[in-house]
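Have a look at the structure below before the remarks.
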Amino acid sequence: MRFLLKMKVWSLLLFILILVLFNSCTAVSKKGTIRIAAAASTQYVLEALIDAYTSEKEVEIESVISSSGKLTAQIEHGAPIDIFISADTVYPNYLFEKRMGAERPIIYAYGQLVLWTFGAYDLSHGLAILSNPVIQKIAIADPKTAPYGRLSQAYLSENNLYESLENKLILGESIGQVNQYINTQAVEIGLTAKSVVMAPKLKGKGQFVALENAFLAQSMLLLKRGGSSTAAVGFYVFLQSTEAQKIFEEYGYVSH
């Protein structure tokens with residue numbers, strides 16, 4: 002009888018120990034999860050960066066993709082984000098000035114603006130195609146929330162085309178939506194990021210031309226939440242490594 006009682010006690014203790022260990026492992030797993038807010042233009046390169054990092058590190062990485070402006074608003078209103086990867090330097094600097102960064106933002110690469118179309122148009126003269134009557138709809142990202150939209154607007158203005166083309170412009174809430182418009186041919190042509198058309202999933206689809214001197218400095222910010230996470234700091238350091246830089250270059254980014 003005593004033997005059976007002891008066995009029951011030991012079984013109960015063993016069950017409690019297993020339960021405690023399971024809960025501890027679960028807590029560590031959750032604590033090790035990295036949450037990233039990334040600009041839509043970085044969606045494909047981020048997937049490659051995460052694959053490269055997680056092939057060597059046992060860590061879970063979750064990403065939220067949207068326009069840099071919308072992500073900034075979410076972070077400012079308390080979204081649980083460790084690292085913010087923007088399509089410009091304005092939004093990370095803004096959050097840093099709001100004392101939300103663990104350290105100053107860092108420029109990780111320079112992106113380039115391109116014209117992308119699925120139509121059989123002559124792109125050899127760059128922007129000139131936009132004034133052709135066959136082009137009725139041109140997609141650009143919303144300049145109010147998307148850095149590439151702001152760059153598109155500025156580039157068209159600098160080339161004295163914005164006013165004459167304004168009625169043709171279709172605004173996407175982010176580069177992601179612009180890409181959708183182009184892919185589905187809801188528009189004849191669009192201005193997007195080179196990092197998109199260089200992605201393996203989209204490479205060779207349609208045709209594109211890179212626009213001269215249309216570069217955008219892009220920075221990232223380690224937020225205070227991320228600064229207290231060993232896992233987040235590790236990935237943030239990786240994003241600045243030579244290995245990461247090579248991946249950025251494969252997607253059309255330049256380092257300076």
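Counting along the sequence shown from 1, when you hit position 139 you're at 140 in my numbering, and nothing is skipped either side.
Beta carbons: idealized from backbone N, C-alpha and C, even for Gly.
Computed from a predicted model, the values in this text were never measured in an experiment.
Nearest-angstrom Cβ-Cβ length linking residue i and residue j, presumed shorter than 8 Å
i: Leu240; j: Leu50; result: 7 Å
i: Val255; j: Tyr111; result: 5 Å
i: Leu96; j: Leu222; result: 6 Å
i: Ile82; j: Leu172; result: Between Leu172 and Ile82 the Cβ distance is about 26 Å, and since that is not below 8 Å, they are no contact.
Within 7 Å, strictly: CB atoms of residue i and residue j
i: Ala88; j: Ile66; result: no
i: Ala200; j: Gln113; result: no
i: Gly177; j: Ile183; result: no
i: Glu189; j: Gly120; result: yes
i: Ser68; j: Tyr92; result: no
i: Thr43; j: Ile84; result: no
i: Ala142; j: Val179; result: yes
i: Tyr149; j: Ala218; result: no
i: Ser56; j: Ala39; result: no
i: Thr118; j: Gly228; result: no
i: Ser220; j: Thr90; result: yes
Length of the line joining the Cα atoms of residue i and residue j
i: Phe216; j: Ser196; result: 12 Å
i: Ala233; j: Ile136; result: 45 Å
i: Phe209; j: Ala103; result: 39 Å
i: Ala140; j: Pro106; result: 30 Å
i: Ala80; j: Lys145; result: 21 Å
i: Thr243; j: Glu164; result: 42 Å
i: Glu59; j: Tyr237; result: 15 Å
i: Lys138; j: Asp123; result: 16 Å
i: Arg36; j: Ile62; result: 6 Å
i: Glu77; j: Arg226; result: 13 Å
i: Phe54; j: Pro134; result: First, the amino acid is wrong: residue 54 is Tyr here, not Phe. Approximately 47 Å, taken between the alpha carbons.
i: Thr185; j: Ser230; result: 41 Å
i: Ser125; j: Lys247; result: 29 Å
i: Tyr45; j: Val115; result: 16 Å
i: Tyr252; j: Leu203; result: 11 Å
i: Gly33; j: Gln75; result: 22 Å
i: Leu170; j: His257; result: 30 Å
i: Asn160; j: Met101; result: 37 Å
i: Asn94; j: Ala187; result: 35 Å
i: Ser153; j: Val198; result: 16 Å
i: Leu157; j: Leu166; result: 9 Å
i: Phe249; j: Gln181; result: 22 Å
Same chain, Cβ closer than 6 Å to residue i, five either side skipped, listed in chain order
i: Leu18; result: Low confidence applies to Leu18: its pLDDT is 42, below 50, so where it sits in the model is not reliable, and the reading given next is rough at best. No residues qualify anywhere along the chain.
i: Arg151; result: Pro144
i: Glu98; result: none
i: Gly205; result: none
i: Lys31; result: Its pLDDT being 45, under 50, Lys31 is placed unreliably by the model, and the measurement read from it follows with that caveat. Closer than 6 Å at the Cβ level, and outside the excluded window around Lys31, lies no residue.
Residues near residue i by beta carbon distance below 7 Å, same chain, minus five either side
i: Met2; result: For Met2, the predicted model reports a pLDDT of 48, less than 50, meaning its position is unreliable; a value from the coordinates is still stated below. If we look at Met2 and ignore the five residues flanking it on each side, it has no Cβ neighbours.
i: Ala245; result: Leu50, Phe239
Residue-chain proximity (residue i, chain C), Cβ-Cβ < 7 Å
i: Lys204; result: Reference to chain C is not applicable here, since this structure consists of a single protein chain.
Spatial neighbours of residue i in its chain, beta-carbon cut-off 8 Å, leaving aside the 5 residues before and after
i: Leu162; result: Leu128, Leu131, Ser132
i: Gly235; result: Lys58, Val60
Going along the chain, which unbroken runs of the alpha helix (DSSP H) with 4 or more residues stay wholly within the stretch 185 to 254?
-> Within the stretch 185 to 254, the complete alpha helix (DSSP H) runs of at least 4 residues are 195 to 198, 225 to 228, 231 to 239, 243 to 251.
Give, in chain order, every unbroken run of the beta strand (DSSP E) that is at least 3 residues long and sits entirely within the stretch 70 to 110.
-> Within the stretch 70 to 110, the complete beta strand (DSSP E) segments at least 3 residues long are 84 to 86, listed from N- to C-terminus.
Can you check the stretch 99 to 170 for any alpha helix (DSSP H) of at least 4 residues that lies completely inside it and give the ranges in chain order?
-> With a minimum length of 4 residues, the continuous alpha helix (DSSP H) runs that stay inside the stretch 99 to 170 are 148 to 159, 163 to 166.
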